[in-house]
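These notes are about the structure you will find just below.
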Amino acid sequence: MIDQNRIPAHVAIIMDGNGRWAKKKGLPRLAGHNAGMLAMKEIVKASSVLGIKYLTVYAFSTENWKRSKEEVGGIFKLLVKYVDSELSELHENNVKVKVLGDYSVIPKIAVERLEKSLETTANNTGLQFNIALNYGSRAEIVRAVSRIYEDIRKGALEEETEISEELISRYLYTGDENGNIPDPDLIIRTSGEERLSNFMLWQSAYSEFAFTDVFWPDFSPAEYERLIEAYQNRDRRFGGRK
Ligand code: FPP
1 MIDQNRIPAH
11 VAIIMDGNGR
21 WAKKKGLPRL
31 AGHNAGMLAM
41 KEIVKASSVL
51 GIKYLTVYAF
61 STENWKRSKE
71 EVGGIFKLLV
81 KYVDSELSEL
91 HENNVKVKVL
101 GDYSVIPKIA
111 VERLEKSLET
121 TANNTGLQFN
131 IALNYGSRAE
141 IVRAVSRIYE
151 DIRKGALEEE
161 TEISEELISR
171 YLYTGDENGN
181 IPDPDLIIRT
191 SGEERLSNFM
201 LWQSAYSEFA
211 FTDVFWPDFS
221 PAEYERLIEA
231 YQNRDRRFGG
241 RK
């Protein structure tokens with residue numbers, strides 16, 4: 001049973017295995033992404049019901065551009081389809097949508113839908129749903145350092161400002177611009193792979209990890225709850241002895 005008093009505040013998910021799921025069924029890769037989008041829909045709802053405050057999903061990495069034009073275009077079409085079918089329900093459920101990453105370079109129609117989601121849900125106070133899109137953690141850290149430098153040059157930050165962990169955190173995508181998202185308590189990766197792939201390198205310093213062999217399209221709310229329950233049975237020490 002999940003302990004309602006110890007729900008993780010922030011869960012981040014690397015949604016992996018759409019391609020292998022499709023291959024196993026003899027379907028095109030895009031059918032896997034479509035099924036992955038449906039799984040994501042259910043996990044957003046489940047997160048909201050469980051009372052999780054922040055859910056972050058890795059939807060498209062800075063490295064994913066290496067895939068075929070057809071696959072990349074198809075993923076952004078799915079994003080449009082997702083917003084068109086879900087935005088009003090997300091809004092009714094008080095979900096606030098945020099995007100982590102430089103989404104200005106993705107197809108215009110997808111940028112428009114994202115901006116519409118951000119605007120519509122800006123004042124919501126329930127689950128914050130962060131979509132990591134064209135996101136890469138090293139690029140995020142490089143951007144944070146250049147933005148600090150730029151603010152010092154412009155005088156927005158004093159020259160004597162101490163470069164601290166707190167300052168760097170504020171300049172990441174998870175910082176000021178998206179409401180200072182706390183570090184993820186739990187990072188889940190599906191499909192049996194056990195690596196971070198340039199996701200939340202700074203923010204994962206003390207995160208717990210959960211891996212499951214299930215391909216993302218088959219990841220159900222029941223499996224999600226099983227991983228959260230296992231997380232609740234761990235002893236987090238944050239470097240101390242406790
Ligand atoms: C990883 O599976 C998945 C992705 C790179 C794309 C994630 C996209 C979705 C879940 C659906 C679309 C939703 C939005 C919001 C864009 P993979 O293709 O790497 O799988 P494989 O390792 O088995 O090939």
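In the UniProt record's numbering, the protein residues as written are 1 to 242. Glycine included, C-beta positions come from ideal geometry on N, C-alpha and C.
Does the beta carbon of residue i fall short of 7 Å from some heavy atom of the ligand FPP?
i, result
"Y231", "no"
"F199", "no"
"Y149", "no"
"R143", "no"
"G74", "no"
"A122", "no"
Please report how far the alpha carbon of residue i lies from the alpha carbon of residue j, in whole angstroms.
i, j, result
"I228", "G155", "45 Å"
"Y171", "E223", "34 Å"
"Y58", "Y103", "13 Å"
"S48", "E160", "42 Å"
"P221", "Y149", "43 Å"
"M40", "E158", "43 Å"
"N64", "G19", "13 Å"
"D121", "Y173", "Note on residue identity: the sequence assigns Thr, not Asp, to residue 121. So the alpha carbons of these two residues sit roughly 18 Å apart."
"A230", "D218", "19 Å"
"I2", "Q232", "8 Å"
"R67", "W202", "26 Å"
"E115", "G240", "42 Å"
"M15", "L133", "12 Å"
"Y206", "E140", "19 Å"
"E86", "G51", "19 Å"
"P28", "I187", "28 Å"
"N123", "A46", "21 Å"
Measure from the alpha carbon of residue i to the alpha carbon of each residue in the options, then state which is nearest.
i, options, result
"N178", "R138, W202, E208, Q128", "Q128"
"V44", "L133, S68, K96, Q203", "K96"
"F215", "E158, Q4, I7, G192", "G192"
"E112", "Q4, R67, V80, N123", "V80"
Look at residue i and residue j and say whether their C-beta atoms are less than 8 Å apart.
i, j, result
"H33", "I75", "yes"
"E208", "D183", "no"
"Y54", "I181", "yes"
"S137", "M200", "yes"
"I168", "A144", "yes"
"G175", "Y135", "no"
Would you call residue i buried or exposed, if buried means 16 or more other Cβ atoms sit within 10 Å of its Cβ?
i, result
"W21", "buried"
"S197", "exposed"
"A210", "buried"
"V99", "buried"
"I109", "exposed"
"L38", "exposed"
"T56", "buried"
Closer than 7 Å: is that where the CB of residue i sits relative to any heavy atom of the ligand PLP?
i, result
"Y82", "Ligands present in the displayed structure are limited to the ligand FPP, and the ligand PLP is not among them."
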